[in-house]
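Chemist: Provided herewith is a single structure, encoded as structure tokens, for subsequent inquiry.
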Amino acid sequence: DQQVKQNSPSLSVQEGRISILNCDYTNSMFDYFLWYKKYPAEGPTFLISISSIKDKNEDGRFTVFLNKSAKHLSLHIVPSQPGDSAVYFCAAQHNAGGTSYGKLTFGQGTILTVHP
Amino acid sequence: GAGVSQSPRYKVAKRGQDVALRCDPISGHVSLFWYQQALGQGPEFLTYFQNEAQLDKSGLPSDRFFAERPEGSVSTLKIQRTQQEDSAVYLCASSLGAIIRSKNIQYFGAGTRLSVL
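Here the protein sequences come in this chain order: S and G. Using the numbering used here, the first residue of the first sequence is number 1, and each one after it goes up by one. Using the numbering used here, the first residue of the second sequence is number 1001, and each one after it goes up by one.
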């Protein structure tokens, strides 16, 4: 049962253009969402997050949009740079309290390639 | 240290062998998580520690998997009688354990790639 889905295994974008990575979730209990970036042979690195009480969060070139009714979030990177080429993971948390707090549920990842 | 450190980076085991994977979290981080990442997939939760207490082990796939964090710092994930399906990257993450979500980001190590032959 895949509760967080990234349906695009890969995305190719020209340098300077916008990259849009998408993520869907099924569990209504999720209330906090994160994007991680992963380079080969490294661990995932936190990029940006959003609480379910918001619909947008921006940090420099990175913006995350949340559509709760559609259970959909997206990450926009503008402008895209070759150094952004990596695997991007969407992750979700739910505040069930107690032992569930903080556990991340990840999507399968999207490989982003930004061409010079 | 500056980040989460995991060792060894690579481990090759013969089927049936026991292995131990080590995680050194960021100093002062209360929460520690283990995840398993199969090839081409996202990380999947295995277990969670708050200091030395293992509060959630619901993701451990079988009783061959065992984790400990006896002094609330370094953690070890042990896999007994390894099987081929255990081949994966094992990731450790730590966080402050803060109530405020934005202050409680998980920081990951580079992982241990386990190959069971």
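Note that beta-carbon positions come from the ideal geometry of N, C-alpha and C, so glycine has one too.
Any idea what DSSP makes of E58 (chain S), helix, strand or coil?
Modeler: Your numbering for residue 58 (chain S) matches position 58 in the first sequence. In this structure, E58 (chain S) counts as strand in the three-state DSSP scheme.
Chemist: If we call anything under 8 Å between Cβ atoms a contact, is F33 (chain S) one with I50 (chain S)?
Modeler: Within the first sequence, the letter at position 33 stands for residue 33 (chain S). Within the first sequence, the letter at position 50 stands for residue 50 (chain S). Yes. Within cutoff.
Chemist: Would you kindly work out how many angstroms separate the C-alpha atoms of Y1107 (chain G) and S1094 (chain G), rounded to a whole number?
Modeler: For the purposes of this step, residue 1107 (chain G) is taken as the residue at position 107 of the second sequence. For the purposes of this step, residue 1094 (chain G) is taken as the residue at position 94 of the second sequence. Going by the C-alpha atoms only, they are around 5 Å apart.
Chemist: Below 8 Å between beta carbons: does that hold for Y1035 (chain G) and L1046 (chain G)?
Modeler: As a first step, residue 1035 (chain G) must be located in the second sequence, where it is residue number 35. As a first step, residue 1046 (chain G) must be located in the second sequence, where it is residue number 46. Cβ atoms of Y1035 (chain G) and L1046 (chain G): closer than 8 Å.
Chemist: If you run the structure through DSSP and keep just helix, strand and coil, what is T99 (chain S)?
Modeler: Walking along the first sequence from the start, residue 99 (chain S) turns up at place 99. Because the pLDDT at T99 (chain S) is just 45, under 50, the model does not fix this residue reliably, and the value given afterwards should be weighed accordingly. Note: T99 (chain S) maps to helix in three-state DSSP.
Chemist: Answer yes or no: do P1043 (chain G) and F106 (chain S) have a C-beta to C-beta separation smaller than 8 Å?
Modeler: Within the second sequence, residue 1043 (chain G) is the residue found at index 43, counting from 1. Within the first sequence, residue 106 (chain S) is the residue found at index 106, counting from 1. Yes; because the gap between Cβ atoms is below 8 Å, this pair is in contact.
Chemist: What residues from chain S crowd round G1042 (chain G), counting only those whose CB sits closer than 7 Å?
Modeler: By 1-based counting over the second sequence, the position of residue 1042 (chain G) is 42. F89, F106, G107, Q108, G109, listed in chain order.
Chemist: Given that Q1106 (chain G) touches chain S, what residues does it touch there, using C-beta distances under 8 Å?
Modeler: Mapped onto the second sequence, residue 1106 (chain G) falls at position 106. Result: F46, G102, L104.
Chemist: Starting from A1110 (chain G), find everything on chain S with Cβ-Cβ shorter than 9 Å and list it in chain order.
Modeler: On the second sequence, position 110 is the one that residue 1110 (chain G) refers to. Here the neighbours are A41, E42, G43.
Chemist: Assign V1012 (chain G) to one of two classes, buried (16 or more other C-beta atoms within 10 Å of its C-beta) or exposed (fewer than that).
Modeler: Your numbering for residue 1012 (chain G) matches position 12 in the second sequence. Exposed, since its Cβ has fewer than 16 Cβ neighbours within 10 Å.
Chemist: Is Y32 (chain S) close to chain G, meaning its C-beta is less than 8 Å from at least one C-beta of that chain?
Modeler: Taking the first sequence and counting its residues from 1, the one referred to as residue 32 (chain S) is at position 32. Yes, its Cβ sits closer than 8 Å to a Cβ of chain G.
Chemist: Which runs of the beta strand (DSSP E) at least 3 residues long sit entirely within the region 11 to 56 of chain S? Give them in chain order.
Modeler: 19 to 25, 32 to 38, 45 to 51
Chemist: Let me make sure I understand the geometry here. Which of G:R1113, G:V1004, G:Y1010, G:G1016 has the alpha-carbon closest to that of R1064 (chain G)?
Modeler: Residue mapping note: residue 1064 (chain G) aligns to position 64 of the second sequence, counting from 1. Ranking G:R1113, G:V1004, G:Y1010, G:G1016 by Cα distance to R1064 (chain G) puts G:G1016 first.
Chemist: Run down chain G in chain order and give the residues with a C-beta less than 9 Å from the C-beta of S49 (chain S).
Modeler: If you number the first sequence from 1, residue 49 (chain S) lands on position 49. Result: R1101, S1102, I1105.
Chemist: Closest Cβ-Cβ distance between L1032 (chain G) and chain S: below 8 Å?
Modeler: In the second sequence, residue 1032 (chain G) corresponds to position 32, counting from 1. No, no contact with chain S.
Chemist: By how many angstroms is the C-alpha of S1027 (chain G) removed from the C-alpha of L73 (chain S)?
Modeler: Here the question's residue 73 (chain S) lines up with position 73 in the first sequence. Here the question's residue 1027 (chain G) lines up with position 27 in the second sequence. Going from the Cα of L73 (chain S) to the Cα of S1027 (chain G) covers about 33 Å.
Chemist: For E1068 (chain G), collect the residues of the same chain with a Cβ closer than 6 Å to its Cβ; drop the 5 residues on either side in sequence, then sort them by chain order.
Modeler: If you number the second sequence from 1, residue 1068 (chain G) lands on position 68. Excluding sequence neighbours, E1068 (chain G) sits near T1076.
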